[in-house]
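Q: Position 275 of the sequence shown, counting from 1, maps to 274 under numbering that gives the first Met the number 0, and the rest follow consecutively.
Backbone N, C-alpha and C define an ideal beta-carbon position, used for all residues, glycine too.
The structure presented is a predicted model; accordingly, all values stated were derived computationally and were not measured.
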Amino acid sequence: MQKLASLNFSNSFHQLPKILYSKVEPQELDQPFLVSANPLAAALIDLDPGELHSADFPRYFSGQRQLPGSQPVAMLYSGHQFGGYNPQLGDGRGLLLGEVSSASHGKWDLHLKGAGKTPYSRFGDGRAVLRSSIREYLCSEAMAGLGIASTRALCVIGSHTPVYREQQEFAATLLRLARSHIRFGHFEYFHYNHHHDIVRRLADYVIEQQFPHLINHSEKYFEFLKSVVNATATLIAQWQAAGFAHGVMNTDNMSIIGDTFDYGPFAFLDDYEPGFICNHSDDQGRYAFNRQPSIGLWNLNALAHALSSLLSKEQLSAALADYEPRLIRHYNALMQAKLGFQQRHPGDPELLGELLDLLAAEKADYNIFFRKLCDFSPAQATAKISDDFIDQQRFNRWAERYRQRLLLENSDHSQRSEKMKQLNPLYILRNYLLQSAIEKAEEQKDYSEIEHLLMLVQKPFDQHPGYERYAEPPPDWGKKLQISCSS
Ligand code: AMP
Ligand code: MG
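#1: Excluding sequence positions up to five away, which residues of its chain have a Cβ less than 7 Å from the Cβ of Ala148?
#2: Kindly indicate which three-state DSSP category Arg164 falls into: helix, strand or coil?
#3: Looking at the unbroken beta strand (DSSP E) that takes in Val34, where does it start and where does it end?
#4: Over the uninterrupted beta strand (DSSP E) stretch that includes Tyr20, give me the two end residues.
#5: I'd like to check one pair, Tyr262 with Arg130: are the Cβ atoms closer than 8 Å?
#6: Indicate whether at least one CB of chain C lies closer than 8 Å to the CB of Ile197.
#7: Note the first and the last residue of the continuous beta strand (DSSP E) segment covering Glu362.
#8: Excluding the 5 residues flanking Gln391 on each side, which residues of the same chain have their C-beta closer than 7 Å to its C-beta?
#9: Taking a cut-off of 6 Å, which residues have a beta-carbon closer than that to any heavy atom of the ligand MG, in chain order?
#10: Assign Thr231 to buried or exposed, taking buried as 16 or more other Cβ atoms, counted over all protein chains shown, within 10 Å of its Cβ.
#11: Closer than 7 Å to a non-hydrogen atom of the ligand AMP - does that hold for the CB of Tyr119?
#12: Excluding the five sequence neighbours on either side, which residues of its own chain have a C-beta within less than 7 Å of the C-beta of Asp461, listed in chain order?
#13: Could you check whether Leu111 and Phe96 sit closer than 8 Å to each other, using their CB atoms as the reference points?
#14: Can you tell me whether Phe122 is buried or exposed, with buried defined as 16 or more other CB within 10 angstroms of its CB?
#15: Measuring from the CB of Arg175, is there a heavy atom of the ligand AMP at a distance below 7 Å?
#16: Find out if the Cβ-Cβ distance for the pair Pro57, Pro25 is shorter than 8 Å.
#17: Does the stretch 295-311 touch the stretch 203-216, meaning 3 or more C-beta pairs lie closer than 8 Å?
#18: Please state the DSSP three-state secondary structure of Glu98.
#19: What are the boundary residues of the alpha helix (DSSP H) that Gln335 is part of?
#20: Classify Ala152 as helix, strand or coil using the three-state DSSP reduction.
#21: Do the CB positions of Leu176 and Asp108 come within less than 8 Å of each other?
#22: Span of the beta strand (DSSP E) holding Val72?
#23: Quick one: does the C-beta of Gly246 sit closer than 7 Å to a heavy atom of the ligand AMP?
#24: Give a single yes or no on whether Asp90 has its beta carbon closer than 7 Å to a heavy atom of the ligand AMP.
#25: In or out: Gly352 buried (at least 16 other Cβ within 10 Å) or exposed?
#26: Is there at least one non-hydrogen atom of the ligand AMP closer than 7 Å to the beta-carbon of Gly82?
#27: Please confirm whether any heavy atom of the ligand AMP lies closer than 7 Å to the CB of Arg402.
#28: Count the other CB atoms, across all protein chains shown, that sit within 10 Å of the CB of Trp238; report buried if there are 16 or more and exposed otherwise.
#29: Going by the DSSP bridge assignment, what does Asn278 pair with across the sheet?
#30: Nearest CA to the CA of Gln70: which residue from Ser53, Lys371 and Val99?
#31: Closer than 8 Å by C-beta to Ser483: which residues in its own chain qualify, once you throw out the five before and the five after it? Chain order, please.
#32: Using beta-carbon positions only, say whether Ala236 and Lys337 come within less than 8 Å of one another.
#33: Which value, in whole angstroms, describes the spacing of the CA atoms of Tyr365 and Ile427?
This is the structure we're talking about:
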């Protein structure tokens, strides 16, 4: 276990051409204090858990002190935002502090979000507000708890530094951990600026760091793109199965290794509404829940275009062609497992389609439905869950088909039920729960609700006695929260 002052830094990004980044020191926040620290993330970098509550901890992660061995940089990238190309973005308010190696968990980038202005801040102040930092902190851990690839979060630090959004708020920082901070937009920046040598260099770097098995492959760039396509397809299949809407799938928010990346106005579905738009600023619904699979492909096309100096048109098309079948296959497998089926059956996609139509027509709560379905027994004549439906006849028709389907496999009810409960979460990081935790933090400087949610979302499949209300359907006000990009 390491102390904060002796983390094992190794900063490979500094071996890359200087055009890729600017060296920037974090700008300190006023009177920083700990809002929350996450022992599971600390373990990933071998950080002694005792350090999380030390007096120095908020100083190190608010820019007051520099971690020995870190060499902070702001990365340069661009990207497509809402379909339009923005020629220059870059880390406008976050810094890559360096990479820390753990003996058992490998290498992690440490990225301090909200660290102050950089050469890429444009009109921004370089800061992050407390509410958005809490949102990213909890959702990173919720995704990890659900087994979905994501960046992780070590801590949120609050401060007395005022920042101005629609109203005055206070600045905070978030310490993000990720295997890689390379985005699709990195490749786009250097491609559109005709730095094809840098595109190649960056691809070699990502291959060396993230896909080392490809280093000596004769078609390494082709295999690299195929790996990104597969990782992205897998990720988006997981989002769709979990009912997760990202909200801002711009190419600068797409991780090259297929992590859920850059949490903004995201939401987990409450009611099953396929066209749900979680981002209040997304007037056209470009990033609506049911458009995520096709936007994933759109973004991969943008990446493929940025790699066109390395690969032929035929290779780009061949790599992209894997996306759709991969996503569908993975999604179907996830949904079959959520439904408690052990083997694949030709009628399953249709049975699922009918269910989703029914859930949409009823505006049923997506996750509560699946959790209740875990207790569905084919031996019982009537299913208790049918009480939740307005059109009970329609549900009962579906339930009868589902019952027949379960009988086909003749699986043991209690075993299947237990297995399903490890795939269908009891606790979801609903927006209204987050909102309550944020209000308590902002208005009363009470951070206890963040700890409760962290504990629940890190183990979302288990029962937590005393926390039953967190598993209940959201109140009506909680379903209509407007979340925008301003953070
Ligand atoms: P995001 O919407 O967080 O993905 O950010 C998009 C771009 O805007 C990135 O280049 C960010 O670094 C930049 N950005 C967002 N907020 C700020 C801010 N408060 N100050 C400076 N840059 C920002
Ligand atoms: Mg971003």
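A: The relevant details are as follows:
#1: Leu234, Gly257, Asp258 and Thr259
#2: coil
#3: Phe32 to Ala36
#4: Tyr20 to Lys22
#5: no
#6: The chain labelled as chain C is not found in the depicted structure, where only one protein chain is given.
#7: Correcting the residue type first, residue 362 is Lys in the shown sequence and not Glu. Element bounds for Lys362: n/a, residue is neither H nor E.
#8: Ser385
#9: Asp251, Asn252 and Asp261
#10: buried
#11: For the ligand AMP, at least one heavy atom lies less than 7 Å from the Cβ of Tyr119.
#12: Within the same chain, Asp461 has no close Cβ partners at all.
#13: The residue you asked about is not Phe; residue 96 is Leu in the sequence shown. Cβ atoms of Leu96 and Leu111: closer than 8 Å.
#14: Result: exposed.
#15: no
#16: no
#17: no
#18: strand
#19: Tyr322 to Lys337
#20: Ala152 falls in the strand class under three-state DSSP.
#21: yes
#22: Val72 to Met74
#23: Checking every heavy atom of the ligand AMP against the Cβ of Gly246, none is found closer than 7 Å.
#24: yes
#25: Gly352 comes out exposed.
#26: Set against 7 Å, the gap from the CB of Gly82 to the closest heavy atom of the ligand AMP is not smaller.
#27: no
#28: buried
#29: Ile482
#30: Val99
#31: Pro264, Asn278, His279 and Ser280
#32: no
#33: 11 Å
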